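Participant: For reference, the structure I am asking about is given below.
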Amino acid sequence: MKSEKKGFVWGHKHLLGLEYLTAQEITHILDTGESFKEVSRRNIKKVPTLRGKVVVNMFVEPSTRTRMSFSLAAKRLSADIVDFSPSLSSLSKGETVKDTARNIEAMGVDIVIIRHTAPGTAHMLSRIINASVINAGDGAHEHPSQGLLDIFTIRQKKGEIKGLKVAVVGDILHSRVARSNIWGLTKLGAEVIAVGPPTLIPEHIRDLGVRVSYDLDAVIPEIDVINILRIQLERQRSKFFPTVREYARLFGINSERLKRAKEDVLIMHPGPINRGVEITPDVADGKHSVILEQVANGLAIRMAILYLVKTAISE
Amino acid sequence: MAWQLEWQFCIWLKPLLANNMTTLLIKNGRVIDPANKIDKVTNIFIQDGKIKSVGSQISKADRTLDTKGLIVTPGLIDMHVHLREPGKEDEETITSGVSAAINGGFTSVACMPNTDPAIDNEALAEFVYLQAKRAGKSNVFAIGAVTKGRKGEEISEMGQLYRGGAVGFSDDGESIKNSEVMRRALEYSRMFNKPIINHCEDTDLVRDGVMNEGYISTVLGLSGIPAVAEEIMVYRDITLAKLTQGRLHIAHITTKKSVELVRRAKEESINVTAEVTPHHLILTDDYIRTSNFDTNYKVNPPLRTKTDVQALREALKDGAIDAIVSDHAPHSEEEKDVEFNIAPFGMIGMESLLGVILTELVLKKVITLNRMIEALTVKPAQILGIPKGTLSVGADADITVIDLNKNWEIDPSTFKSKSRNCPFAGWKVKGKAVHTIVKGQVILP
Amino acid sequence: MPKDKVILNQKDIKNILETLAGKIISQLSNEIRTNPMAIIGIHRLGVPLAQRLKAIIEKRVKEKILFGTLDITLYRDDLNTVGPSPIVKDTDISFDITGKNIILVDDVLYTGRTIRSALNELADFGRPKRIQLTVLIDRGERELPIQADYVGRLCKIKQDEIIDVKLKESDGVDEVVIRKKRNRI
Numbered sequence: 001m002k003s004e005k006k007g008f009v010w011g012h013k014h015l016l017g018l019e020y021l022t023a024q025e026i027t028h029i030l031d032t033g034e035s036f037k038e039v040s041r042r043n044i045k046k047v048p049t050l051r052g053k054v055v056v057n058m059f060v061e062p063s064t065r066t067r068m069s070f071s072l073a074a075k076r077l078s079a080d081i082v083d084f085s086p087s088l089s090s091l092s093k094g095e096t097v098k099d100t101a102r103n104i105e106a107m108g109v110d111i112v113i114i115r116h117t118a119p120g121t122a123h124m125l126s127r128i129i130n131a132s133v134i135n136a137g138d139g140a141h142e143h144p145s146q147g148l149l150d151i152f153t154i155r156q157k158k159g160e161i162k163g164l165k166v167a168v169v170g171d172i173l174h175s176r177v178a179r180s181n182i183w184g185l186t187k188l189g190a191e192v193i194a195v196g197p198p199t200l201i202p203e204h205i206r207d208l209g210v211r212v213s214y215d216l217d218a219v220i221p222e223i224d225v226i227n228i229l230r231i232q233l234e235r236q237r238s239k240f241f242p243t244v245r246e247y248a249r250l251f252g253i254n255s256e257r258l259k260r261a262k263e264d265v266l267i268m269h270p271g272p273i274n275r276g277v278e279i280t281p282d283v284a285d286g287k288h289s290v291i292l293e294q295v296a297n298g299l300a301i302r303m304a305i306l307y308l309v310k311t312a313i314s315e
Numbered sequence: 316m317a318w319q320l321e322w323q324f325c326i327w328l329k330p331l332l333a334n335n336m337t338t339l340l341i342k343n344g345r346v347i348d349p350a351n352k353i354d355k356v357t358n359i360f361i362q363d364g365k366i367k368s369v370g371s372q373i374s375k376a377d378r379t380l381d382t383k384g385l386i387v388t389p390g391l392i393d394m395h396v397h398l399r400e401p402g403k404e405d406e407e408t409i410t411s412g413v414s415a416a417i418n419g420g421f422t423s424v425a426c427m428p429n430t431d432p433a434i435d436n437e438a439l440a441e442f443v444y445l446q447a448k449r450a451g452k453s454n455v456f457a458i459g460a461v462t463k464g465r466k467g468e469e470i471s472e473m474g475q476l477y478r479g480g481a482v483g484f485s486d487d488g489e490s491i492k493n494s495e496v497m498r499r500a501l502e503y504s505r506m507f508n509k510p511i512i513n514h515c516e517d518t519d520l521v522r523d524g525v526m527n528e529g530y531i532s533t534v535l536g537l538s539g540i541p542a543v544a545e546e547i548m549v550y551r552d553i554t555l556a557k558l559t560q561g562r563l564h565i566a567h568i569t570t571k572k573s574v575e576l577v578r579r580a581k582e583e584s585i586n587v588t589a590e591v592t593p594h595h596l597i598l599t600d601d602y603i604r605t606s607n608f609d610t611n612y613k614v615n616p617p618l619r620t621k622t623d624v625q626a627l628r629e630a631l632k633d634g635a636i637d638a639i640v641s642d643h644a645p646h647s648e649e650e651k652d653v654e655f656n657i658a659p660f661g662m663i664g665m666e667s668l669l670g671v672i673l674t675e676l677v678l679k680k681v682i683t684l685n686r687m688i689e690a691l692t693v694k695p696a697q698i699l700g701i702p703k704g705t706l707s708v709g710a711d712a713d714i715t716v717i718d719l720n721k722n723w724e725i726d727p728s729t730f731k732s733k734s735r736n737c738p739f740a741g742w743k744v745k746g747k748a749v750h751t752i753v754k755g756q757v758i759l760p
Numbered sequence: 761m762p763k764d765k766v767i768l769n770q771k772d773i774k775n776i777l778e779t780l781a782g783k784i785i786s787q788l789s790n791e792i793r794t795n796p797m798a799i800i801g802i803h804r805l806g807v808p809l810a811q812r813l814k815a816i817i818e819k820r821v822k823e824k825i826l827f828g829t830l831d832i833t834l835y836r837d838d839l840n841t842v843g844p845s846p847i848v849k850d851t852d853i854s855f856d857i858t859g860k861n862i863i864l865v866d867d868v869l870y871t872g873r874t875i876r877s878a879l880n881e882l883a884d885f886g887r888p889k890r891i892q893l894t895v896l897i898d899r900g901e902r903e904l905p906i907q908a909d910y911v912g913r914l915c916k917i918k919q920d921e922i923i924d925v926k927l928k929e930s931d932g933v934d935e936v937v938i939r940k941k942r943n944r945i
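Chains as they are written, first to last, in my numbering: chain A, 1 to 315; chain B, 316 to 760; chain C, 761 to 945.
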């Protein structure tokens, strides 16, 4: 699985999205993640790699698991981590994200992990501060660490990404997870099939080499991996679908549907799950589900990301 | 307060009266005046701020400008600018706005009424003229609001606004959503023979959109503004213009389909005209991606696709689009330098327009020099019904002198405008206004 | 172009490993039941050397020897100065090291910093009875007070020379050469 590449140099000081990485670079992160997985199995789950380095979690949009995962990853690398999570409303009252980031940097920070509702905010930060910037989700744009941990989990289970058929089911239009998955998986040679109602699948997603289907049952027999996106209930009010009940009927993953799937199909979900909406509890906890492995792998991938951005050769 | 105003008025009047007695000769330039179908090397003699003669004879003048090798045109008109006064004087004032206009070669600008308060009554229209007179550089024409407070509900006192000097009516920045209001506005304004200038977009389809809806918005995860949001409104407005026989002017047209609708309407002799901006003629939505979300490319209507750019260029060439405007929309750096979603829409353009149009369209032979001048002089003058944009004898001596060979780099930090949100910063262009003359007065340089 | 000087060929390396294995056995075999022996190779070239040593020792003592690999990248003290991120390889120690006699294996002992990192890392895995160090070559010029317990060959080289160890497992050939530094980058 792991391949040593002669002369390969990791050169990204920031991680802004999978769009900007080559297949080789993505594979390198996954390989590095593989090595970090071992650290989590040790008795003392900590290495001194980033000792004395300061990492800031700047989450302008609420998040529990991504923030915790990054915190734990930083701690396992012996970095000091500070949580800074201003609410959007307090920011809009005067201080801008730019001011805030500059203030944080003045305190001597090495890595800023940013989550924000607006696409491009991580890019903006990377232009104005010297610290490394890791995009932990910018609106509907990208969520590279989630995309990487998804691909990492698939690779672990399936051995190779090339040739796999991965269905991403749900609200593609508003999903950063979908975009990062699409970039990463297609670069590594998988076929991605976007499944959902036409209101939630932008027409131009096809231009990214994605197949589109509005009929889950029609595609389910050929799929190797089903990555289920969280359906945000407020979208219903914005006329994207009529009722949650109808959505669950058409696109919810339940055991009845899974009967027609491949024997070794993987069920993934970035969390948090709306049980009974996009996925039924028996499937979420069932034998095909790798949802908890995704969480465990997230830690290793985020350790790899922190390690790589901090030790990148400066451009 | 009152005596102070009057006193300032006198200060302003004095030099003007004195200068009115002067004469100016502009000689040896290539004079291009599309209104009079003139394109030849000749001289212009100006007396008392008016054009006295255009011809080869040379009369003795108080001042002579030798324009050998330069282009001499009627003073350029930018019929769509935002000068932010009253309300946002930190971004632009009428004074700084006219300085920017002069620097860009414009002798006349028409400013949009989306100020705070909106220009929706006679006194406010007069305020614009008063501030412009105090600034004393280019001519400023006020465009009045179509509806009270630009709320889209009740039509404004158009008659009063007209008396106060309004040369057109627009709720620009907002589309006139209510079809009946639009219909009545088109009907009512017929009394004054002034256009209703609509910012065409179906706001329900725009929703929270921040850029063109398409491949790039899909990749970037930014909410899209579909082309149809504009096209639906263009179609509605053309239909209403036909019904009412009112005068419709489509502001900043951006899509291929919109252009086709206007072209067809003109073939049917519906009273419709249209304008286009340099940024929609030159830039595409891909700039947002390649610049990594630079908010200086955030504008409404949004930058579209290559196909649209091509269609706009064709339409400008064949006359389906009448005028070129900057849609100069100043924003402070603090406002623009934020997350893409919350940054305001708009770009400045008065000081870059001529350079980029000459370089990207004229030099590259997309349109002729004469067509460009027409779209910046006689066409906007006709649309607004103002006595400008020609070099006819007796007309106001508003003249722009252009050096087609001047190479320069667009550097917003040198602009006269108070704002810096120019999408063409750093572009190397060829062609610049070297003299801007208003009523016989050489203001630039 | 000066010719590379081969200081050890395939046969030499084989003999050295046999000798080292003999020394290790004579020191530790009487403890093999109370404090089992474990061989741990340091990435990159310590790993194949450790595997060979393990095979030789197992054959002689007719006992299974515990085996592990160690990647010290995450414990390096020079991460910010080495330039591009070193590739992190597998650390694989699937047994409890507490109470064991650990034989740490590397190809060349030089400044001692790699070994310091390896000792720090091992300390996070447990408390061995004893850690001993085996190297194929000791080229001197230590920067830390660290010495090897079993040395294959002592070898002094000039400032502008480097020692290049090649092993079949990774390079297709067993040999150690001294050559002039090339001006890289």
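Backbone N, C-alpha and C fix where the C-beta goes; we use that ideal spot for every residue, glycine too. Note that this is a predicted model, so its numbers are computed, not measured.
If you reduce the DSSP assignment to three classes, tell me which class residue 773 of chain C lands in.
Facilitator: Looking at residue 773 of chain C - three-state DSSP - the assignment turns out to be helix.
Participant: For chain A, is any of its Cβ atoms less than 7 Å away from the one on residue 835 of chain C?
Facilitator: At least one chain A Cβ lies under 7 Å of residue 835 of chain C.
Participant: Note down the Cα distance separating residue 49 of chain A from residue 601 of chain B, rounded to an integer number of angstroms.
Facilitator: Cα to Cα, residue 49 of chain A sits roughly 40 Å from residue 601 of chain B.
Participant: Take residue 362 of chain B as the anchor and find which of B:530, B:347, B:379 has the nearest alpha-carbon.
Facilitator: Closest option to residue 362 of chain B, Cα to Cα, is B:379.
Participant: To the nearest angstrom, how far is the alpha carbon of residue 51 of chain A from that of residue 45 of chain A?
Facilitator: Taking the straight line joining both Cα atoms gives about 14 Å.
Participant: Tell me which residues of the segment 612 to 627 of chain B have at least one Cβ-Cβ distance to chain A shorter than 7 Å, keeping chain order.
Facilitator: Per Cβ criterion, the list is empty.
Participant: Which partner residues does residue 118 of chain A have in the DSSP bridge list?
Facilitator: According to DSSP, which records beta bridges pairwise, residue 118 of chain A is partnered with nothing at all.
Participant: Does any residue of chain B have a CB that is nearer than 7 Å to the CB of residue 170 of chain A?
Facilitator: No, because no Cβ of chain B sits closer than 7 Å to the Cβ of residue 170 of chain A.
Participant: Are the beta-carbon atoms of residue 882 of chain C and residue 851 of chain C separated by less than 7 Å?
Facilitator: No; because the gap between Cβ atoms is not below 7 Å, this pair is not in contact.
Participant: Name, please, each residue of chain B whose Cβ falls closer than 8 Å to the Cβ of residue 129 of chain A.
Facilitator: Residues of chain B passing the Cβ test: none, with the nearest at roughly 14 Å.
Participant: What does the alpha-carbon distance come out to for the pair residue 780 of chain C and residue 913 of chain C?
Facilitator: Straight-line Cα distance between these residues: approximately 10 Å.
Participant: CB residue 589 of chain B to CB residue 639 of chain B, shorter than 7 Å?
Facilitator: No, the Cβ-Cβ distance between residue 589 of chain B and residue 639 of chain B is not below 7 Å.
Participant: Grab the span of the alpha helix (DSSP H) containing residue 99 of chain A for me, first residue to last.
Facilitator: Residues 97 to 106.
Participant: Report the residues of the segment 200 to 231 of chain A with a CB closer than 9 Å to any CB of chain B, ordered along the chain.
Facilitator: Of all residues in the segment 200 to 231 of chain A, 202, 203, 204, 205, 207, 208 have a Cβ within less than 9 Å of some Cβ in chain B.
Participant: Thinking just about the alpha-carbon of each residue, which of B:463, B:735, B:513 is nearest to the one in residue 663 of chain B?
Facilitator: Taking only the C-alpha atoms, the option nearest residue 663 of chain B is B:735.
Participant: Does the Cβ of residue 215 of chain A have 16 or more other Cβ atoms within 10 Å, making it buried, or fewer, making it exposed?
Facilitator: Exposed.
Participant: Might you give, ordered along the chain, the residues of its own chain that have their beta carbon closer than 6 Å to the beta carbon of residue 941 of chain C, omitting 5 neighbours on each side?
Facilitator: The residues are 920, 922.
Participant: State the Cα-Cα distance for the pair residue 746 of chain B and residue 488 of chain B, rounded to the nearest angstrom.
Facilitator: When rounded, the distance between both Cα atoms is 31 Å.
Participant: What does residue 12 of chain A touch in chain B if you count any residue whose Cβ is under 9 Å from its own?
Facilitator: Result: empty, since nearest Cβ-Cβ is about 14 Å, beyond 9 Å.
Participant: What is the DSSP secondary structure of residue 892 of chain C, counted as helix, strand or coil?
Facilitator: Strand, per DSSP.
Participant: Just list the alpha helix (DSSP H) runs in the segment 509 to 586 of chain B, keeping only unbroken ones of 4 residues or longer that don't cross its boundaries, in chain order.
Facilitator: The segment 509 to 586 of chain B contains these whole alpha helix (DSSP H) runs: 518 to 521, 530 to 535, 542 to 559, 571 to 582.
Participant: Quick one: list the residues of chain A neighbouring residue 838 of chain C, beta-carbon separation under 7 Å, in chain order.
Facilitator: By Cβ distance, chain A contributes nothing, its closest Cβ being about 10 Å from residue 838 of chain C, past 7 Å.
Participant: Return yes when the Cβ of residue 222 of chain A is within less than 7 Å of the Cβ of residue 165 of chain A, no when it is not.
Facilitator: Closer than 7 Å, so yes.
Participant: Between residue 152 of chain A and residue 613 of chain B, what straight-line distance do the alpha-carbon atoms span, to the nearest angstrom?
Facilitator: Answer to the nearest angstrom: the Cα atoms are 36 Å apart.
Participant: Using a Cβ-Cβ cut-off of 7 Å (strictly less than) and excluding sequence neighbours within five positions of residue 317 of chain B, which residues of its own chain qualify?
Facilitator: The pLDDT assigned to residue 317 of chain B is 41, lower than 50, so where the model puts this residue is not dependable; a value taken from the coordinates is nonetheless given after this. Same-chain partners within the cutoff: there are none.
Participant: Can you give the Cα-Cα distance for residue 594 of chain B and residue 741 of chain B, rounded to whole angstroms?
Facilitator: Computed Cα separation, rounded: 15 Å.
Participant: What does a CB cutoff of less than 6 Å around residue 812 of chain C pick up in its chain, not counting 5 residues either side in sequence?
Facilitator: Once the five neighbours on either side are set aside, the close Cβ partners of residue 812 of chain C are 777.
Participant: So residue 161 of chain A is in the beta strand (DSSP E); what residue range does that whole segment cover?
Facilitator: Counting along the chain, residue 161 of chain A falls outside any beta strand (DSSP E), and DSSP gives it neither H nor E.
Participant: Does the beta-carbon of residue 278 of chain A have 16 or more other beta-carbons within 10 angstroms, so that it is buried, or is it exposed?
Facilitator: With 16 or more Cβ atoms within 10 Å of its Cβ, residue 278 of chain A is classed as buried.
Participant: Less than 7 Å between CB atoms is the rule here; does residue 436 of chain B satisfy it with respect to chain A?
Facilitator: So no, residue 436 of chain B is outside the interface.
Participant: Going by the CB atoms, is the gap between residue 935 of chain C and residue 766 of chain C shorter than 7 Å?
Facilitator: For residue 766 of chain C and residue 935 of chain C, yes; Cβs fall inside 7 Å.
Participant: I think residue 230 of chain A touches residue 270 of chain A, with their Cβ atoms under 8 Å apart; what is that distance to the nearest whole Å?
Facilitator: With 8 Å as the limit, residue 230 of chain A and residue 270 of chain A qualify as a contact, their Cβ atoms being about 7 Å apart.
Participant: Quickly, what does DSSP pair residue 829 of chain C with across the bridge? List them, please.
Facilitator: Answer is C:801, C:852, bridged to residue 829 of chain C.
Participant: Determine whether the Cβ of residue 741 of chain B lies closer than 7 Å to any Cβ atom of chain A.
Facilitator: Cβ-Cβ to chain A under 7 Å: no for residue 741 of chain B.
Participant: Please list the partners that residue 867 of chain C has in chain A, where partner means a Cβ-to-Cβ separation under 8 Å.
Facilitator: The premise fails here: residue 867 of chain C is roughly 17 Å from chain A at the closest Cβ pair, so nothing lies under 8 Å.
Participant: Provide the residue span of the alpha helix (DSSP H) that contains residue 670 of chain B, from first to last.
Facilitator: Residues 668 to 672.
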